[in-house]
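Q: My questions will all concern the structure given below.
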Amino acid sequence: QYQASKFVHKVNYDANCYLLLSKGMDMMDIGAGTPSFEDGAKRITQDKQGLLLSYSTDRLTPPQDLERLSEVLGRHGVSVHYEVLQSQFGHDAFLIESQALDLNMRLKAFLETDENTYGGHGVHNVRALEKELLLD
Numbered sequence: 031q032y033q034a035s036k037f038v039h040k041v042n043y044d045a046n047c048y049l050l051l052s053k054g055m056d057m058m059d060i061g062a063g064t065p066s067f068e069d070g071a072k073r074i075t076q077d078k079q080g081l082l083l084s085y086s087t088d089r090l091t092p093p094q095d096l097e098r099l100s101e102v103l104g105r106h107g108v109s110v111h112y113e114v115l116q117s118q119f120g121h122d123a124f125l126i127e128s129q130a131l132d133l134n135m136r137l138k139a140f141l142e143t144d145e146n147t148y149g150g151h152g153v154h155n156v157r158a159l160e161k162e163l164l165l166d
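In terms of the working numbering, the sequence shown opens at residue 31 and continues consecutively.
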């Protein structure tokens with residue numbers, strides 16, 4: 031509730047955007063139109079790379095859901111990095127500035143990685159970025 035209030039009043043966020051995002055999350059079904067979740071996940075092709083991050087206390091997208099997706103994608107040959115970030119703030123932890131560094135660091139490492147970096151195998155060197163940021 032507190033985070034939602036900050037979002038609406040300080041950021042001037044249009045509540046309709048949140049409603050649409052919420053509806054999209056509720057409707058998301060990777061297995062839709064296929065016999066199973068695994069068959070649906072196979073639509074994510076091997077030329078893609080995935081970054082799946084979850085918060086340890088997230089009840090909206092529990093860590094075990096992303097772990098399952100990571101395992102399915104890995105068996106299908108998709109390069110995927112899965113990690114659980116520790117936080118007491120659940121799904122909205124990314125909205126809390128003190129919690130954002132871990133997430134932002136991993137997103138930056140993932141988005142800045144290309145075929146020529148880290149061997150081109152989708153292995154994103156988060157630890158190296160951590161050291162770099164701590165030295166700055």
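Cβ coordinates follow ideal geometry from the N, Cα and C atoms, glycine included.
Please return the same chain residues whose Cβ sits closer than 7 Å to the Cβ of residue 129, not counting the five positions on each side in sequence.
A: Closer than 7 Å at Cβ, skipping near neighbours: 117, 119, 123.
Q: Where does residue 94 sit, in a helix, a strand or coil, going by DSSP?
A: Residue state, collapsed to three classes: helix.
Q: Please check the pair residue 114 and residue 74, which I expect to be a contact at CB under 8 Å, by giving their CB distance rounded to whole angstroms.
A: At roughly 21 Å, the Cβ-Cβ gap does not stay under 8 Å, so residue 114 and residue 74 are not in contact.
Q: In the DSSP assignment, what are the bridge partners of residue 113?
A: Looking at the DSSP assignment, residue 113 forms a beta bridge with 83.
Q: Taking residue 71 and residue 96 to be in contact with their CB atoms under 8 Å, please state how far apart those CB atoms are, rounded to whole angstroms.
A: Not really, about 12 Å apart at Cβ, beyond 8 Å.
Q: With 16 other CB atoms within 10 Å as the buried threshold, where does residue 53 fall?
A: Looking at its Cβ environment, which holds fewer than 16 other Cβ atoms inside 10 Å, residue 53 is exposed.
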